Amino acid sequence: MRVFPMLLAWLVLAGSARAAEPLVACGHPIYPPLSWDQNGQLTGVAPDVVQRLFGELGYRVQLDVRGNWKRCLREAREGQVDIVVSAYITDARREYLSYASEYVVNDPVAVFVNRQHSFPFHELEDLKDKTAGLLLGDSFGDRFDRYVRREGHIEWVSRGEQNFAKLALGRIDYMPLGRETGRLQSLRLKLHDIIEPLPGALTTEHYYIAVRRAGALEPHLPYINRRLRELHADGTLAQLQIHYSQQYLNADTSSPAQPSQASPSLQASPDETPTPPGP
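Okay, so the sequence shown: first residue is 14 according to our numbering, each after it adds one.
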């Protein structure tokens with residue numbers, strides 16, 4: 014019987030085929046410690062975990078910075094991207110993405126304001142008639158997304174540091190952002206004395222690994238779920254968050270592309286007026 018040698022040969026060939034054609038993955042380019050663009054390389058907790066878990070399955074993963082978050086999602090929808098390293102679950106994204114059921118990180122979302130122009134915040138209606146700064150492609154849950162579309166007081170930007178600059182200059186009233194990523198970015202941009210999160214949470218969302226809906230990677234999601242549970246249980250994911258938070262704050266800022274090198278006035282002017290994303 015030559016079944017076992019033939020099976021072994023097939024497995025070797027299958028593994029070689031996976032290694033020969035890397036999967037293309039993208040993610041949020043400015044959401045530390047989850048993921049961010051560091052000198053043209055997507056890095057952070059989620060890229061690390063995606064490379065680790067799909068590597069265990071025999072795949073190579075090519076981590077791409079696709080310009081901005083909206084473009085990453087658009088190219089995932091168009092089939093040019095195999096994996097979104099982490100994203101919130103929304104009804105619109107479910108049309109083209111299949112999600113792992115285990116999250117990578119939980120993300121309490123705060124309302125960040127200029128300390129000199131703070132206001133009470135207890136519920137969504139407290140944001141009525143106030144101008145929000147949002148990054149193209151951003152979502153903070155279906156409820157918030159529906160609210161801001163209905164109220165319409167939004168200024169869209171393509172780079173996250175622009176919202177920090179506008180908030181520091183009083184050109185927007187608030188920006189919703191994960192409490193931890195907002196803390197890290199304000200420290201890196203040296204704006205933590207000007208910008209603060211309001212007490213409480215706008216919402217608490219979770220970031221999940223996502224693959225193309227009905228694609229070849231969808232059958233691997235049960236394995237991804239099991240491994241994510243193990244990484245939560247043994248403390249690996251918590252350790253990665255600490256590691257990448259420190260890496261973000263200590264990263265080389267000599268490149269002009271790094272947000273800490275641009276003053277608020279330079280980042281805020283001239284205005285960019287990109288077309289808002291669809292739902």
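Ideal Cβ positions, reconstructed from N, Cα and C, are used throughout, including at glycine. As the structure is a computational prediction, the values presented were derived from the model and not from experiment.
Those residues which DSSP pairs with residue i across a bridge
i	result
Pro263	A small fix is needed here, since residue 263 is Asn in this sequence, not Pro. Answer is none; Asn263 lacks a bridge partner.
Ala38	Leu76 and Ile96
Gln51	Gln54
Ala123	Leu190
Leu110	Arg225
Pro168	In the sequence as displayed, the identity of residue 168 is Glu instead of Pro. BP columns for Glu168 point to Gly146.
C-alpha gap between residue i and residue j, whole angstroms
i	j	result
His166	Tyr101	22 Å
Tyr257	Pro42	14 Å
Arg156	Met188	16 Å
Gly53	Gly228	27 Å
Asp120	Pro212	15 Å
Ala281	Leu204	Note on Ala281: pLDDT 31, under 50, position unreliable in the model; no value is reported.
Glu285	Pro232	Annotation note: pLDDT 33 at Glu285 (below 50); position unreliable, coordinate value reported separately. Rounded to whole angstroms, Glu285 to Pro232 spans 41 Å at the Cα level.
Glu136	Thr216	10 Å
Asn81	Glu243	31 Å
Val124	Arg201	19 Å
Arg87	Ala181	30 Å
Pro210	Val122	9 Å
Ala105	Glu164	19 Å
Gln129	Arg226	46 Å
Secondary structure of residue i, DSSP reduced to three states
i	result
Tyr101	coil
Glu136	coil
Asn81	coil
Gly146	strand
His219	strand
Arg226	coil
Glu209	strand
Val118	strand
Whether residue i touches residue j by CB criterion (8 Å)
i	j	result
Ala151	Thr103	The residue asked about is misnamed: residue 151 is Asp in this sequence, not Ala. Not in contact: Asp151 and Thr103 (Cβ atoms no closer than 8 Å).
Ile185	Gly146	yes
Ala38	Asp95	yes
Arg90	Tyr109	yes
Arg240	Leu36	no
Ser99	Tyr220	yes
Leu148	Gly183	no
Leu234	Ser48	no
Within-8 Å CB hit, residue i to chain B
i	result
Gln259	Annotation note: the requested chain B is absent from the structure, which comprises a single protein chain.
Where residue i falls, given that 16 or more other Cβ within 10 Å makes a residue buried
i	result
Thr40	Here residue 40 turns out to be Gly, not Thr, going by the sequence shown. Per the 10 Å Cβ criterion, buried.
Ile255	exposed
Arg196	buried
Ala223	buried
Phe132	exposed
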